[in-house]
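Residue 13 is where the sequence shown starts when you use my numbering, and the numbers rise one by one after that. Backbone N, C-alpha and C fix where the C-beta goes; we use that ideal spot for every residue, glycine too.
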Amino acid sequence: MGKRGPKPGSGGRPRKALSEKVLEGNPGKRPIRVLKNYTELEGMEIPNPKEYLTDPQKNGEAFIAKEIYDEVWEWLKKRKCEQFVSPELVEHYSLSAARMVQCERAISTYGFLAKNSQGNAIISPYVSIAKDYMKQANGVWDRIHQIVLENCSTEFGGAHDEDPMEKLLNSRRK
13 MGKRGPKPGS
23 GGRPRKALSE
33 KVLEGNPGKR
43 PIRVLKNYTE
53 LEGMEIPNPK
63 EYLTDPQKNG
73 EAFIAKEIYD
83 EVWEWLKKRK
93 CEQFVSPELV
103 EHYSLSAARM
113 VQCERAISTY
123 GFLAKNSQGN
133 AIISPYVSIA
143 KDYMKQANGV
153 WDRIHQIVLE
163 NCSTEFGGAH
173 DEDPMEKLLN
183 SRRK
C-alpha cells in the first residue's frame with residue numbers, strides 16, 4: 013500500500029518556495045510571509061556545537077558529527093537562512109547522520125549477518141539501527157529543508173536541493 017495524502021502534520025498542499033513567489037511576481041497577490049527583512053540581517057558565525065558531537069568513540073574512530081554540523085551550517089549560511097534554523101536542530105541532524113554512518117561502517121566491517129545465542133544466522137542488528145537513524149536524520153533534514161524553502165529568497169539548486177517529484181511537476185508548466 014502506497015503513501016496516501018500529504019505528509020502527516022503538513023495538512024494540504026505544500027507552500028510554494030519564497031524564491032518562486034518572488035520570481036513569479038506573487039500571483040496570488042497575498043502578502044508574502046517573510047520572517048525578517050533580509051537587508052537588516054547579518055550572518056551568524058557557526059555556533060559551537062555541544063560537546064557530545066566531538067566525544068571520543070569507544071572504537072577509537074573519529075566521530076564525524078562535528079564535520080556534518082559544519083557542512084550543514086555552511087549550507088545554511090550560503091542561503092542566508094542560518095538565523096531561521098536553531099543550532100539544536102542542526103545538532104540533531106548531524107548526530108543522527110553520524111550515527112547512521114557509524115552503523116554503515118559496522119555493517120561493512122561485520123557484514124549483514126550475525127549469530128544469535130543458538131548459533132543461527134540472523135540479520136545484523138546494525139542494519140535496523142542504521143535504518144532507524146536514517147529515518148530520524150531524514151525527518152530532521154526535511155524540517156531544515158522546509159525552513160530554507162520557505163525563507164530563502166534566492167533560487168537554490170543542486171543534488172541535495174532537488175526533489176524529483178517537484179522537478180517533474182514543474183517541468184510540465186514549461
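Could you say if the segment 109-116 and the segment 85-93 meet the contact criterion of at least three C-beta pairs nearer than 8 angstroms? no
Suppose you measure from the CA of Ala29 to the CA of Trp153; what does that come to, to the nearest Å? The residue given as residue 29 occupies position 17 in the sequence shown. The residue given as residue 153 occupies position 141 in the sequence shown. Their Cα atoms are separated by approximately 16 angstroms.
So, for Thr66: in the same chain, excluding its five sequence neighbours on each side, which residues have a beta-carbon less than 8 angstroms away from its beta-carbon? Residue 66 sits at position 54 when you count from the first residue of the sequence shown. Same-chain partners within the cutoff: Phe75, Ala77 and Lys78.
Please report the distance separating the alpha-carbon of Glu57 from that of Gln69. Here the question's residue 57 lines up with position 45 in the sequence shown. Here the question's residue 69 lines up with position 57 in the sequence shown. Near 27 angstroms, if we compare the C-alpha coordinates of Gln69 and Glu57.
Let me confirm a value: Pro61 is counted as buried when at least 16 other C-beta atoms fall within 10 Å, else exposed. Which label applies? Locating residue 61 in the sequence shown gives position 49, where the first residue counts as 1. Buried, because 16 or more other Cβ atoms sit within 10 Å of the Cβ of Pro61.
Would DSSP call Lys92 helix, strand or coil? Within the sequence shown, residue 92 is the residue found at index 80, counting from 1. It is coil, neither helix nor strand.
I'd like to check one pair, Ala149 with Glu116: are the Cβ atoms closer than 7 angstroms? The count along the sequence shown starts at 1 and reaches residue 116 at position 104. The count along the sequence shown starts at 1 and reaches residue 149 at position 137. No; because the gap between Cβ atoms is not below 7 angstroms, this pair is not in contact.
Straight-line Cα distance separating Ser98 from Lys33: For the purposes of this step, residue 33 is identified with residue 21 of the sequence shown, where counting begins at 1. For the purposes of this step, residue 98 is identified with residue 86 of the sequence shown, where counting begins at 1. Rounded to the nearest angstrom, the two C-alpha atoms are 25 angstroms apart.
Short Cβ contact (7 angstroms threshold) for Ser108 with Tyr145: Within the sequence shown, numbered from 1, the residue matching residue 108 stands at position 96. Within the sequence shown, numbered from 1, the residue matching residue 145 stands at position 133. Going by C-beta atoms, Ser108 is nearer than 7 angstroms to Tyr145.
Anyone know if the C-beta pair for Val102 and Tyr81 falls short of 7 angstroms? Sequence index remark: in the sequence shown, residue 102 carries index 90 (1-based). Sequence index remark: in the sequence shown, residue 81 carries index 69 (1-based). A contact, by the Cβ cut-off of 7 angstroms.
Backbone secondary structure at Lys70 - three-state DSSP: As a working note, residue 70 is residue 58 in the sequence shown. In this structure, Lys70 counts as coil in the three-state DSSP scheme.
Here's the rule: buried if 16 or more other CB atoms are within 10 angstroms of the residue's CB, otherwise exposed. What is Glu36? Counting from 1 along the sequence shown, the entry for residue 36 is found at position 24. Per the 10 Å Cβ criterion, exposed.
Per-residue burial, Glu187 [other beta carbons within 10 Å of its own, 16 or more giving buried]: No statement about residue 187 is possible, as the shown extent of the chain runs from 13 to 186 and does not include it.
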